[in-house]
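Below is one structure, written out as structure tokens; comments come after it.
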Amino acid sequence: MLPVTLLNSLKILTQPDDSTCGPTSLHAVYHYFKDTVPLDQVISEVSFLEEGGTLAVLLGCHALRRGYQARIYTYNLHVFDPTWFKLSKEKLIANLKEQLIYKSDAKLHVATHAYIEFLRLGGEIFHKDLTLSLLDRYFSKGVPLLAGLSATYLYNCARERTNDRGEAIYDDVRGEPLGHFVVLAGFDNEQEKENVIVADPYQENPLSKNNYYNVPITRLLNAIMLGIVTYDANLLAIEPKITSNQPSEQPNLHAQTSSGQ
Numbered sequence: 108m109l110p111v112t113l114l115n116s117l118k119i120l121t122q123p124d125d126s127t128c129g130p131t132s133l134h135a136v137y138h139y140f141k142d143t144v145p146l147d148q149v150i151s152e153v154s155f156l157e158e159g160g161t162l163a164v165l166l167g168c169h170a171l172r173r174g175y176q177a178r179i180y181t182y183n184l185h186v187f188d189p190t191w192f193k194l195s196k197e198k199l200i201a202n203l204k205e206q207l208i209y210k211s212d213a214k215l216h217v218a219t220h221a222y223i224e225f226l227r228l229g230g231e232i233f234h235k236d237l238t239l240s241l242l243d244r245y246f247s248k249g250v251p252l253l254a255g256l257s258a259t260y261l262y263n264c265a266r267e268r269t270n271d272r273g274e275a276i277y278d279d280v281r282g283e284p285l286g287h288f289v290v291l292a293g294f295d296n297e298q299e300k301e302n303v304i305v306a307d308p309y310q311e312n313p314l315s316k317n318n319y320y321n322v323p324i325t326r327l328l329n330a331i332m333l334g335i336v337t338y339d340a341n342l343l344a345i346e347p348k349i350t351s352n353q354p355s356e357q358p359n360l361h362a363q364t365s366s367g368q
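In this text, residue positions in the sequence shown follow our numbering: the first is 108, and each later residue adds one.
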């Protein structure tokens, strides 16, 4: 059984359809920070890809426009060369633009323009080792994390394809790996830190048939890294901006998720 305190503090709704896991996860984080914007508004305002779904950077742009500060930890080598993260913001933007001259992939172009907008809106992009300590850096100060990952690996399920009705169905032969967004809501045991609490907008997920479950840290980290197949492979951290005359009133996620199962 998951800690009742978590269920009372970070609540996630079930995504309305197969392509809205991103805005539904973002909506859960907004509500965690007492920003009670309706889910349908978030869905209507977030940009989507032509093939359905969205990108973490597009969610980050939405958060920045709402006045949050946003950081993306990316492992997507389709978009970023590892050597770029030592560059200034201006040089990084210049390299992203230059890359588009030589690469024609449509999704790369969409992602690149979104990252440029993200940077111009004040967002930060990092390329750090994906470790338990990186997650704990945010959990310990009460900040949940949005994760773009491979649902196929996380769930250990068959690959999927879209049928004639636009629904995602399992098909181990004709299917493709599927990306997904979830919210990481702390460790189920603060001392052992072996499992992470996941708030999943896909209620019918094969792991629990529930919106909340625990995942071993190693499986979670692998699922995030394998998200590179679907232009995911990232963490998005959003936090309310703190002004000098406005003390922080962020919920203490660290305390709320410290009890065991």
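Note that the Cβ used here is the ideal one computed from N, Cα and C, for glycine as well.
Here the structure is a predicted model, which is why all the values come from computation and not from measurement.
On the DSSP letters alone, give me the boundaries of the beta strand (DSSP E) that residue i sits inside.
i, result
"A265", "First-last for A265: undefined, no H or E at that position."
"Q176", "175-181"
"L256", "252-257"
"E231", "231-233"
"L184", "Unbroken run through L184: none, as it is neither H nor E."
"N302", "302-306"
"I276", "275-277"
Would DSSP call residue i helix, strand or coil?
i, result
"N202", "helix"
"L117", "coil"
"A340", "coil"
"T238", "coil"
"V217", "helix"
"S355", "Legend: pLDDT at S355 = 43, less than 50; position of this residue unreliable, value from coordinates given subsequently. Correct three-state label for S355: coil."
"N312", "coil"
"E152", "helix"
"Q363", "Residue placement at Q363 cannot be trusted, given a pLDDT of 34 that sits under 50; the coordinates are not used to answer."
"G167", "helix"
"E197", "helix"
"N321", "strand"
"G293", "strand"
"R272", "coil"
"V111", "Bear in mind that the predicted position of V111 carries a pLDDT of just 41, short of 50, making it unreliable; the figure below should be weighed with that in mind. V111: helix per DSSP, three-state reduction."
"T190", "helix"
"D243", "helix"
"D212", "coil"
"G334", "helix"
"D147", "helix"
"R326", "helix"
"Q368", "With a pLDDT of 27 at Q368, under the threshold of 50, the modelled position of this residue cannot be trusted; read the value that follows with caution. Note: Q368 maps to coil in three-state DSSP."
Can you tell which of the options has the C-alpha that lies nearest to the C-alpha of residue i?
i, options, result
"R227", "L252, I335, L203", "L203"
"H134", "D124, L162, V164, A170", "A170"
"A330", "Y262, S116, S132, R178", "Y262"
"N270", "Y260, T259, A258, E283", "E283"
"T219", "L252, H185, R172, S247", "H185"
"D212", "I345, Y338, L343", "Y338"
"T259", "L291, S195, M332, F233", "M332"
"H234", "L207, S240, W191, K214", "W191"
"S315", "D279, G334, C264", "C264"
"G229", "R172, I119, E158, T127", "R172"
"P323", "T131, T238, I276", "T238"
Since residue i sits in a beta bridge, which residues does DSSP pair it with?
i, result
"F225", "In DSSP, F225 forms no bridge with anything."
"E372", "Not covered by the structure: residue 372. The range shown for the chain is 108 to 368."
"G286", "S257"
Just to confirm before moving on: does the CB-CB distance between residue i and residue j stay below 8 Å?
i, j, result
"S116", "Y137", "no"
"L342", "Y180", "yes"
"G286", "S240", "no"
"Q122", "Y320", "no"
"G334", "G255", "yes"
"G167", "K348", "no"
The alpha helix (DSSP H) spanning residue i covers which residue range?
i, result
"P130", "128-139"
"L162", "Segment: none, L162 is in no alpha helix (DSSP H) and carries neither H nor E."
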